[in-house]
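Enquirer:
Residue numbers (the numbering used here), protein chains in the order written: chain E, 1 to 477; chain H, 1001 to 1477.
1) With distances taken Cα to Cα, identify the nearest neighbour of residue 45 of chain E among E/27, E/205, E/206, E/358.
2) Considering only the alpha carbon of each residue, which of E/70, E/214, E/144, E/334 lies closest to residue 1109 of chain H?
3) Which of the three DSSP states, helix, strand or coil, is assigned to residue 1078 of chain H?
4) According to DSSP, what are the bridge partners of residue 1065 of chain H?
5) Please decide whether residue 1006 of chain H counts as near chain E, where near means a Cβ-Cβ distance under 8 Å.
6) Mind listing the chain E neighbours of residue 1106 of chain H? Cutoff is C-beta to C-beta under 8 Å, in chain order.
7) Let me know the beta strand (DSSP E) ranges lying completely inside the segment 231-283 of chain E, each 3 residues or longer, listed in chain order.
8) Specify, as a first and last residue, the run of the beta strand (DSSP E) that residue 197 of chain E falls within.
9) Does residue 145 of chain E have its Cβ less than 8 Å from a Cβ in chain H?
10) Am I right that residue 1355 of chain H and residue 1315 of chain H are in contact with their C-beta atoms under 8 Å? What's the rounded C-beta distance?
11) Alpha carbon to alpha carbon, how far is residue 265 of chain E from residue 337 of chain E?
12) Between residue 1233 of chain H and the rest of its own chain, which residues show a CB-CB distance below 6 Å, the 5 nearest in sequence each way excluded?
13) Classify residue 235 of chain E as buried or exposed, calling it buried when 16 or more other Cβ atoms lie within 10 Å of its own Cβ.
14) In three-state terms, what does DSSP make of residue 202 of chain E?
15) For residue 1325 of chain H, which residues from the same chain have a beta carbon less than 6 Å from its beta carbon, with the 5 sequence-adjacent residues on both sides left out?
16) Do the segment 1135-1154 of chain H and the segment 1071-1084 of chain H make contact, defined as three or more Cβ pairs closer than 8 Å?
17) Kindly say whether residue 48 of chain E, judged by its beta-carbon, lies nearer than 8 Å to any beta-carbon of chain H.
18) Tell me whether residue 1347 of chain H sits in a helix, a strand or coil according to DSSP, three-state version.
19) Looking at the unbroken alpha helix (DSSP H) that takes in residue 161 of chain E, where does it start and where does it end?
20) Just to confirm, is the Cβ distance from residue 344 of chain E to residue 365 of chain E under 8 Å?
21) Buried or exposed: residue 1001 of chain H, going by 16 or more other Cβ atoms within 10 Å of its Cβ?
22) Using DSSP with H/G/I as helix, E/B as strand and the rest coil, what is residue 1422 of chain H?
23) Of the choices H/1016, H/1088, H/1190, H/1185, whose alpha-carbon is the least far from that of residue 1396 of chain H?
24) To the nearest angstrom, report how far apart residue 1310 of chain H and residue 378 of chain E are at their CA atoms.
25) In the DSSP assignment, what are the bridge partners of residue 1293 of chain H?
26) Taking residue 1131 of chain H as the query, report the chain E residues whose CB atoms sit under 7 Å from its CB, ordered along the chain.
27) Is the beta carbon of residue 263 of chain E closer than 8 Å to that of residue 150 of chain E?
28) For residue 1470 of chain H, which three-state DSSP category applies?
29) Which ranges does the beta strand (DSSP E) cover as unbroken runs of at least 3 residues, wholly within the segment 1295-1322 of chain H, from first to last along the chain?
30) Residues in the same chain with beta-carbon distance under 8 Å from residue 376 of chain E, minus the five sequence neighbours each way, listed in chain order, please.
31) Hey, could you find the ends of the alpha helix (DSSP H) residue 1385 of chain H is sitting in?
32) Please tell me whether residue 1064 of chain H has its Cβ less than 8 Å away from any Cβ of chain E.
33) Quick one: list the residues of chain E neighbouring residue 1157 of chain H, beta-carbon separation under 8 Å, in chain order.
34) Along chain H, which residues have their Cβ under 7 Å away from the Cβ of residue 44 of chain E?
35) Listed from N- to C-terminal order along the chain, which residues in the segment 1321-1333 of chain H have their beta-carbon within a distance smaller than 8 Å of any beta-carbon of chain E?
36) Can you tell me where the beta strand (DSSP E) holding residue 103 of chain E begins and where it ends?
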């Protein structure tokens, strides 16, 4: 196991710090297959927490889960021109199976629009079948040349929502509603503040008419796209013949949407809250919220401490996810170090001296603050501290996002600002200006913030032409 | 949607009846990729129920979930000789990715022993790391020439447990414990009685020293293997160098086990309980346990009925999974037919005439019995009926299993018995005799029931040599 000293400080090398935190918290490791990672139990428990929360939100908004084949006929991808152009370079292809060469190669799904829209063409007959609201939890494969754990891996886990609607308005409402669900997950659960906004044309999903996104700021000032929601228009409907008979008796193409969130959000969680000691987890998503470390040398001491801990755990009940670390072959120091690296929000220490004073000690992972709490009120105080920590993590990240987002009015200021944060400026809307910024600064347009009204007139930060669009620029993962 | 009349009776054609039930209940459908099925929302909800129950049991027995890459280097499979011989004919192979031919082909996992044992070789250092108890929920691919929905599909969903132990005894205890967990799932939740027993050598998992199995009897008398648990000995440890330093300071190979249950159990659920009207679901696993169909023509009637239903649903609370079918474009007959085909355990009808008498009508899916229940006790009676139905389904299936298992003492009787059920007989232990029975009757040794003691002496049902093993023969899925 990695020790505390093995975590490289953020200041020294942020990408190495990121890898070190993952290793020390035992979240994941590289596998023998290039670009693929093994999600270890600590990391998978985190994904299960995210899944449970998001799945409940997806179902509460009327969607149903289903499962579609992972292997897709190559010809399916070719049916939507932009879609195949976007994904062709990333495909893994099965050419042989059952000991024989296949007549038609099968691609491992990079996303399931094609397979699911083909099914929609059979499932949808009339306007009564709409909206059709489907979600799938699955693995997907996109060949990665520069893999990075959780952020970009050849195989990753995600949910992909696919819906069909009778009207463009209904479809657009769905696209916005699901982005709202993602924003709730990010802010209320993961304590990650985000901009919810629209992608520029060059950053859209392959085949989409519009792509909405939530964008978060990591501690190094780079952006991370945390989830996207796509207006697919009628392009896929036409390619896969997804039609319905409307109330007026006419046959019409359905309006389609899709939206997805992946294991990548775990990377965002790490880079938003963690510090040079290791992982920091927001209490709401922590698989273990409180670790209890008993202290005691003699058997009598151990029994008395155990009794107090049993009472505390009973008082906390199922409201709080606790873990008792009663291993006898690890020192107190080793245990504290391990739970710090694993990001457990609260660590409780309880020994004979505390017991004599009817108290225990609680250490908060994020601030490092230790406080003494009377046993009689410990359960209440623990729940309170978990709430406070959740609120503080979001507050700190929000301050960073706000302070790290600066409005710039000349090109030099833009260049400087995207080294450490997000720059807001006017943009003429031309792809050439976008491309120039990317080439010279590595920053891209993260999005066109749609909740902000244009304030006064402006000129493009690059070409200085009159500009009607205010955009966010940043380097990104 | 299929109508009732479209379900072929079991007597007429059992395999076609099976397909008809799946179609009418909207559980799954064929996909454009041969051998792969689409699990539709009704079918996937069933899998989610099974997953939730089994996952809780797996965690309660100390296992933790993780996730390993789906693409496995071909060379990994070649490391364990029997394993690769067993799986080679079924592999799907990725030869190209990212636009290039791969240096080494990657196989889509048919099972994950090789990838996981490779990880175990890094994760296990000392006896303190043992037992290592890991489980994975995943999709796997085994190329199928004769696919059948849920029972044999090219891609299927499952959980695969993989564990490492310091001693052979610990490993064997794990193998038996997890078979016990599977038996509980089958009997207590799915209401499917099973024989828990051991496979003969010819039917073992490729690479296993022993394979335990739970075997159920379908309504046509055929056997279905519902779950298996394998003693892998030290073969994979040697192939993947899974070693640990024991308490005595010696480096030793770990003892490995694996066990799995797949979407195939849904096929078993269908073929155990369903009837000529469609699916029948045991209440404990039914995603919807009670469907409520209101009756009423005038708006006043509808409002009064709605009020009574709201009160009932409040009284049932979260203990009972209910669905209100208030669609206005379907007749009562269409609705009843649909819910019958979908196997909802209880259907409640409530109209103005019932309301005047302060009662409602409950129809039980399995027996077809209808009873009138006073509104004041309806919530209690509904819960009782759900329990009763669960018990009755298991009782009926147990009677079928017991009556359908006959001890035979001559070869002709064996041949006859396996046409309609299971035959129990003595067997000499020679593969030749097993092969002869298979060739002549299509029946195989399902297992050697390990809970039964040999009663007296016996002779092999085939060669009539003195025999020490009592076995179960059956045709199987």
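We put the CB at the ideal spot given by N, CA and C, even for glycine.
Predicted, not measured: the structure shown is a model, and the values here were computed from it.
Expert: Checking against the coordinates, here is how it stands:
1) E/27
2) E/70
3) coil
4) H/1135
5) no
6) 33, 92
7) 243-245, 251-253, 255-262
8) 195-198
9) yes
10) At roughly 16 Å, the Cβ-Cβ gap does not stay under 8 Å, so residue 1355 of chain H and residue 1315 of chain H are not in contact.
11) 25 Å
12) 1209
13) buried
14) helix
15) 1291, 1293, 1335
16) no
17) yes
18) strand
19) Counting along the chain, residue 161 of chain E falls outside any alpha helix (DSSP H), though it belongs to the beta strand (DSSP E) covering 155-165.
20) yes
21) Because residue 1001 of chain H sits at a pLDDT of 41, beneath the cut-off of 50, its placement in the model cannot be relied upon, and the following sentence gives the value as read from the coordinates. So residue 1001 of chain H counts as exposed.
22) strand
23) H/1190
24) 41 Å
25) H/1349
26) Per Cβ cutoff of 7 Å: no residues; residue 1131 of chain H is ~14 Å from chain E at best.
27) yes
28) strand
29) none
30) 358
31) 1378-1403
32) yes
33) 67
34) 1065, 1066, 1067
35) 1329
36) 100-108
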